[in-house]
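First comes the structure, then the notes that go with it.
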Amino acid sequence: MHIHNNALFYVKIALIVKNKGDILYSRFIFSNINRFYYYSIVVYIVICCLFIYLYKNIPNYENRLRVTLLSQSIDGIDAASDKLIEKIVNNNPNFLKKNIKNINLRKKNEEYLKEFKNRNISSIYLLFPYDNRYFILLDSDDNKNTNITPFILEDIDTNSFNRAKKSETKQVYIQRNIRNLGFTLIKPIVIKEKKTSFLVIDYTQRTYNSLFSLLSLSVKIIMIFLIIVVILLTVFIGYFIRSAYIKHRMYINPKTGTFYRSYLTDNYEKINFSNYYIALADIDFFKRINDIYGQNIGDKVLNSIIKKISTMLDKDDIFVQYGGEEFLLFISKNGKDMRSFREKMQNIRKLVESLNIRIKDDIIKITISIGGFIQTETSSSLQDAIHKADSALYESKHNGRNTISYFDISKSKILYREKLKDMIETDKLVCFYQPIVILENSKYHHYEALLRLKDGDKIIYPDEILPELEDSYFYSRISMKIIEYNVKKLRENSNFTVSINLSSDDLLNDAITNILIKNSDIAYRMLIEILETKHVDYIEVENAIQKLKLFGYKICIDDYGSGYSNLSHLLNLSIDYLKIDGSIIKNIYKDKKAHSLIASLSLFCKQNGIKIIAEFVENKEILEILKGFGIEYGQGYYFDKAKPYEELSI
Amino acid sequence: MKKQKIYLLLLLPLLSFADLNIERVNSVLSAIKLNNKSPSYYTTNKSFLTKLKVPKSKSVKSADILLFPKNKNTKKMVIVDSYSNLKKNQKSIGAIYMKKGRTQIMFVDERLKAKGLKLSNKYKKYIIKECYLKELCFLN
Chain G
8 MHIHNNALFY
18 VKIALIVKNK
28 GDILYSRFIF
38 SNINRFYYYS
48 IVVYIVICCL
58 FIYLYKNIPN
68 YENRLRVTLL
78 SQSIDGIDAA
88 SDKLIEKIVN
98 NNPNFLKKNI
108 KNINLRKKNE
118 EYLKEFKNRN
128 ISSIYLLFPY
138 DNRYFILLDS
148 DDNKNTNITP
158 FILEDIDTNS
168 FNRAKKSETK
178 QVYIQRNIRN
188 LGFTLIKPIV
198 IKEKKTSFLV
208 IDYTQRTYNS
218 LFSLLSLSVK
228 IIMIFLIIVV
238 ILLTVFIGYF
248 IRSAYIKHRM
258 YINPKTGTFY
268 RSYLTDNYEK
278 INFSNYYIAL
288 ADIDFFKRIN
298 DIYGQNIGDK
308 VLNSIIKKIS
318 TMLDKDDIFV
328 QYGGEEFLLF
338 ISKNGKDMRS
348 FREKMQNIRK
358 LVESLNIRIK
368 DDIIKITISI
378 GGFIQTETSS
388 SLQDAIHKAD
398 SALYESKHNG
408 RNTISYFDIS
418 KSKILYREKL
428 KDMIETDKLV
438 CFYQPIVILE
448 NSKYHHYEAL
458 LRLKDGDKII
468 YPDEILPELE
478 DSYFYSRISM
488 KIIEYNVKKL
498 RENSNFTVSI
508 NLSSDDLLND
518 AITNILIKNS
528 DIAYRMLIEI
538 LETKHVDYIE
548 VENAIQKLKL
558 FGYKICIDDY
568 GSGYSNLSHL
578 LNLSIDYLKI
588 DGSIIKNIYK
598 DKKAHSLIAS
608 LSLFCKQNGI
618 KIIAEFVENK
628 EILEILKGFG
638 IEYGQGYYFD
648 KAKPYEELSI
Chain W
2 MKKQKIYLLL
12 LLPLLSFADL
22 NIERVNSVLS
32 AIKLNNKSPS
42 YYTTNKSFLT
52 KLKVPKSKSV
62 KSADILLFPK
72 NKNTKKMVIV
82 DSYSNLKKNQ
92 KSIGAIYMKK
102 GRTQIMFVDE
112 RLKAKGLKLS
122 NKYKKYIIKE
132 CYLKELCFLN
């Protein structure tokens, strides 16, 4: 349990460090790529130098360790050699002269040396100094002559002898240059404070190896480990630099030094957007420059504008090329209040407005629209914050362009365009269904499909959607989705009949009419209610209606009596149904004019084979009046409210 | 087994010089001067001869100093291959051999002078006195 808790703790720490590291990495690498390369290389060089230092010094440390271990391991031999010396010297200060004079004594002592010798010892001998040289007095190897021979020492021997002479203590040193020798022990023989000679024991390579084979192996393993670490480090740093370089190339426009949108897409979670004011800016009518002068010139102009705007930004600010001529600006809140941000936006707008762009012989003037979002800390995500800035940009465009608007968080109930687009594309669009009832027998004739949007558990009504939703692309996209949704329901249930709402612009949209024609086999179960729009080309709309009727669709004019509806619709369009607007129906029992109007309409429609649907039938009184007029269908809370498809009893 | 012993015996001359510190040998031999010139050397041990970086002769006749000669009766100056040979052969000026894994190079001062050879003071440690060979020297 304890181990488990520890492990969890370290994992948490690691994740926090990684997260912080990722954030730092993103900010640092993309703002300071050159410094990143520099620091990476410096770190790598430092590590390589450290490696070289270790590589060069490990043998030294190893040597010292060996000598220390050696000194400790020969304690037993040390005691035995003391006894040997005692035997030879016999506490006689003149033992040297005695041995020099007496060859038999030397032979006897050499026998002692030979007895002492074992398979770990290569040679054991007694040296004495004379005339700045060393001479072998006794030698375990000398079988015949028992000569006193001069002995030339190697440099390492000389150094150790000097140390032994000076310190009067034994010396152990490793023999590296003499074949078959592992190490040498020198024991100074001091008699009555007089240094007389040295007992020297040369140990075999085998002895040395057996003592230090493990150490050698350990050192080799450490060296191999170090080499592997350096190789891995090289590969890692190389990969890291390469990856940073590629990402940098991918994320940053080399001509302007600004970020591409891909930087945002890949780093949404890493950017701490609440530390920034956000502005979405769009160059007004930039498409014209591309259309007139070509894409290449357009790109050059764009880059020069980006560079100019970049000069207005501080080093903590981020410039992202969000779309073709759309820019996303992150203005750091550090040291800047709202007023400073607004001033900066204004300065940017004025800067762009003041530019005289020379293209060939023409001088082009351009303007920029900006949407700003100040209270970024109120957003749940960066995407949400961008959507709000986009909404403000939309307002700027709507207000005539070359202006700046700021998102008002008090209007956050309005579903702004970007979010709506997301919801539509991710199939959050649904329909609720309200029945249209045959007034005579209260049987359900069909259902009207009413647009709703699902936002989690919340249902969003159309009146929460931006009022200028008649923007053609967007509105048509919704219409397309509604058709697809209902076609699917109709195909699932052969007893189901619906009416869907389309605008006259939708009828003129080939994509929409094509999908209707494609599904014309179920046309008899889909009534099309045409919404009124400002400008209607009756000829074209009538042509579209005729075409759809050929394929079996029935057409209804919706909301007749309100908005843009007028008699021209009735006179110029071949409709099958007329839906009278609820604002007229709901007052029918108390409003004489409404009453008369309905009476007239009812007569007109009867004479022209048009069936009437009355909206907002809220009570029995209204129902009875409508029945009195001979109106065929009704819709309203008196019958039922709009429900999701799953709650219908079909 | 007999064959192996014979091969070993044949290799012995080679083996005996195998571990010599040849750089040191070259350094000392190069420092020897005969009438201010470097004497030429000759040895029948071809592999050793090739490693020497001193003036070399192609024959015994033209050489000033013979290295490890087999003919002990030669009149030429010789360098022998053991201390005992140095002691025995009064005509030898020095010896080069291995002892306890260390390269032993020694020249007898009196013999060098008798032959007109000089070895610089830098290599003093390789020069021994004649009396060292007699051991009584150490009793003084």
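So the protein lines, in turn, are chains G and W.
Going by our numbering, the first sequence opens with residue 8, and the numbers climb by one from there.
Going by our numbering, the second sequence opens with residue 2, and the numbers climb by one from there.
For each residue, glycine too, the CB sits at the ideal point set by N, CA and C.
W/Y84 at chain G interface by Cβ criterion, 7 Å: Reading the second sequence from its first residue, position 83 is the one you call residue 84 of chain W. Chain G contact via Cβ: present.
Host beta strand (DSSP E) of W/M107 (start-end): The residue given as residue 107 of chain W occupies position 106 in the second sequence. 103–109 is the extent of the beta strand (DSSP E) around W/M107.
Integer-rounded CB distance, given that G/I131 should sit under 8 Å from G/F142: Here residue 142 of chain G refers to the residue found at position 135 when the first sequence is read from its first residue. Here residue 131 of chain G refers to the residue found at position 124 when the first sequence is read from its first residue. With a beta-carbon spacing of about 16 Å, G/F142 and G/I131 fall beyond the 8 Å limit used to define contacts.
Minimum Cβ-Cβ distance from G/R126 to chain W less than 7 Å: Locating residue 126 of chain G in the first sequence gives position 119, where the first residue counts as 1. Not closer than 7 Å to any Cβ of chain W, the Cβ of G/R126 fails to qualify, so no.
Identified DSSP bridge partners for G/S250: As a working note, residue 250 of chain G is residue 243 in the first sequence. In the DSSP assignment, no residue is bridged to G/S250.
Cβ of G/Y137 within 7 Å of any chain W Cβ: Within the first sequence, the letter at position 130 stands for residue 137 of chain G. Yes, G/Y137 lies at the interface with chain W (some Cβ there is under 7 Å from its Cβ).
Within chain W, partners of G/I185 - CB distance below 7 Å: What you label residue 185 of chain G is simply residue 178 of the first sequence in a count that begins at 1. Under the 7 Å cutoff, chain W gives G102, R103.
Opening and closing residue of the beta strand (DSSP E) in which G/G189 lies: Walking along the first sequence from the start, residue 189 of chain G turns up at place 182. That run of the beta strand (DSSP E) goes 188–198.
Exposure of W/Y42, with buried meaning 16 or more beta-carbon neighbours within 10 Å: Reading the second sequence from its first residue, position 41 is the one you call residue 42 of chain W. So W/Y42 ends up on the buried side.
Sequence-distant residues of the same chain with beta carbon closer than 7 Å to W/K92, five excluded per side: Taking the first residue of the second sequence as 1, we reach residue 92 of chain W at position 91. If you ignore the 5 residues before and after W/K92, its C-beta comes within less than 7 Å of the C-beta of V79, all in its own chain and listed in chain order.
Secondary structure of G/G378, DSSP reduced to three states: By 1-based counting over the first sequence, the position of residue 378 of chain G is 371. The answer is strand: DSSP assigns G/G378 an E or B state.
Supposed contact pair G/H453 and G/L534 - C-beta distance, whole angstroms, cut 8 Å: Locating residue 534 of chain G in the first sequence gives position 527, counting from the first residue. Locating residue 453 of chain G in the first sequence gives position 446, counting from the first residue. Rounded, the Cβ-Cβ distance is 6 Å, consistent with contact.
Near-chain W residues of the region 154–186 of chain G (beta-carbon distance less than 8 Å), N- to C-terminal order: Cβ contacts with chain W: N154, I155, T156, P157, F158, I159, L160, E161, D164, Q182, I185, R186.
Contact under 7 Å by Cβ, G/K511 with G/V548: For this step, residue 511 of chain G is matched to residue 504 along the first sequence. For this step, residue 548 of chain G is matched to residue 541 along the first sequence. As written in the sequence, residue 511 of chain G is Ser, which differs from the Lys given in the question. Going by C-beta atoms, G/S511 is nearer than 7 Å to G/V548.
Pair within 7 Å by beta-carbon distance, G/I375 and G/R356: The sequence position of residue 375 of chain G within the first sequence is 368, counting from 1. The sequence position of residue 356 of chain G within the first sequence is 349, counting from 1. G/I375 places its beta carbon less than 7 Å from that of G/R356.
Short CB-CB distance (under 7 Å) between G/I107 and chain W: The residue given as residue 107 of chain G occupies position 100 in the first sequence. Yes, because at least one Cβ of chain W sits closer than 7 Å to the Cβ of G/I107.
C-alpha distance - G/L271 paired with G/D397, whole-angstrom precision: Counting from 1 along the first sequence, the entry for residue 271 of chain G is found at position 264. Counting from 1 along the first sequence, the entry for residue 397 of chain G is found at position 390. So the two alpha carbons sit approximately 15 Å from each other.
Residues that G/M533 bridges to, as DSSP identifies them: Stepping through the first sequence from its first residue, residue 533 of chain G is reached at position 526. Answer is G/V505.
7 Å Cβ cutoff, W/K53 in contact with chain G: Within the second sequence, the letter at position 52 stands for residue 53 of chain W. Looking at the sequence itself, residue 53 of chain W is Leu, so the reference to Lys does not match. Not closer than 7 Å to any Cβ of chain G, the Cβ of W/L53 fails to qualify, so no.
Closer than 7 Å to chain W by CB, G/S88: Walking along the first sequence from the start, residue 88 of chain G turns up at place 81. No - not a single Cβ of chain W is within 7 Å of the one on G/S88.
Three CB pairs or more closer than 8 Å across the region 85–104 of chain W and the region 98–106 of chain G: no
Neighbour list for W/E136 in chain G, Cβ cutoff strictly below 7 Å: Within the second sequence, numbered from 1, the residue matching residue 136 of chain W stands at position 135. Those within 7 Å of W/E136 in chain G are I107, I155.
Beta-bridge pairing of G/A456 - partner residues as DSSP gives them: The sequence position of residue 456 of chain G within the first sequence is 449, counting from 1. Looking at the DSSP assignment, G/A456 forms a beta bridge with G/Y440.
CA nearest to the CA of G/K444, picked from G/Y246, G/E639, G/N106: As a position in the first sequence, residue 444 of chain G is number 437, starting the count at 1. Checking the sequence shown, residue 444 of chain G turns out to be Val, not Lys. Of the candidates G/Y246, G/E639, G/N106, the one whose C-alpha sits nearest the C-alpha of G/V444 is G/E639.
Sequence-distant residues of its chain with Cβ nearer than 7 Å to G/S403 (five each side left out): Here residue 403 of chain G is taken as the residue at index 396 of the first sequence, counted from 1. Once the five neighbours on either side are set aside, the close Cβ partners of G/S403 are S376, I377, G378, T410, I411, S412.
7 Å Cβ cut-off: residues of chain G touching W/L140: In the second sequence, the residue the question calls residue 140 of chain W occupies position 139. Those are K104, I107, K108, listed as they occur along chain G.
Beta-bridge partners of G/D462, as assigned by DSSP: Taking the first residue of the first sequence as position 1, residue 462 of chain G is located at position 455. According to DSSP, G/D462 bridges with G/K465.
Paired residues, beta bridge with G/G641 - DSSP: Mapped onto the first sequence, residue 641 of chain G falls at position 634. G/V444, G/A621, per the DSSP bridge assignment.
Three or more C-beta pairs below 8 Å linking the region 358–367 of chain G and the region 307–314 of chain G: yes
Exposed unless 16 or more other CB atoms sit within 10 angstroms - verdict on W/Q105: Reading the second sequence from its first residue, position 104 is the one you call residue 105 of chain W. Label assigned to W/Q105: buried.
C-alpha gap between G/I110 and W/K135, whole angstroms: To locate residue 110 of chain G, count along the first sequence from 1; it is residue 103. To locate residue 135 of chain W, count along the second sequence from 1; it is residue 134. Their backbone Cα atoms lie some 13 Å apart in a straight line.
Neighbourhood of G/S609 by C-beta, 7 Å cutoff - its chain only, sequence neighbours within 5 removed: Stepping through the first sequence from its first residue, residue 609 of chain G is reached at position 602. Result list for G/S609: I619, F636, G637, I638, in chain order.
Near-chain G residues of the region 91–125 of chain W - C-beta to any C-beta below 9 Å: K100, K101, G102, R103, T104, Q105, I106, M107, K125
Beta-carbon contacts of G/I229 that lie in its chain and below 6 Å, excluding the five residues immediately before and after: Residue mapping note: residue 229 of chain G aligns to position 222 of the first sequence, counting from 1. Hits under 6 Å: none found.
Minimum Cβ-Cβ distance from G/L206 to chain W less than 7 Å: Within the first sequence, numbered from 1, the residue matching residue 206 of chain G stands at position 199. No, G/L206 does not count as interfacial toward chain W.
Cβ pair count under 8 Å reaching 3, the region 333–342 of chain G against the region 277–286 of chain G: Yes, the region 333–342 of chain G touches the region 277–286 of chain G.
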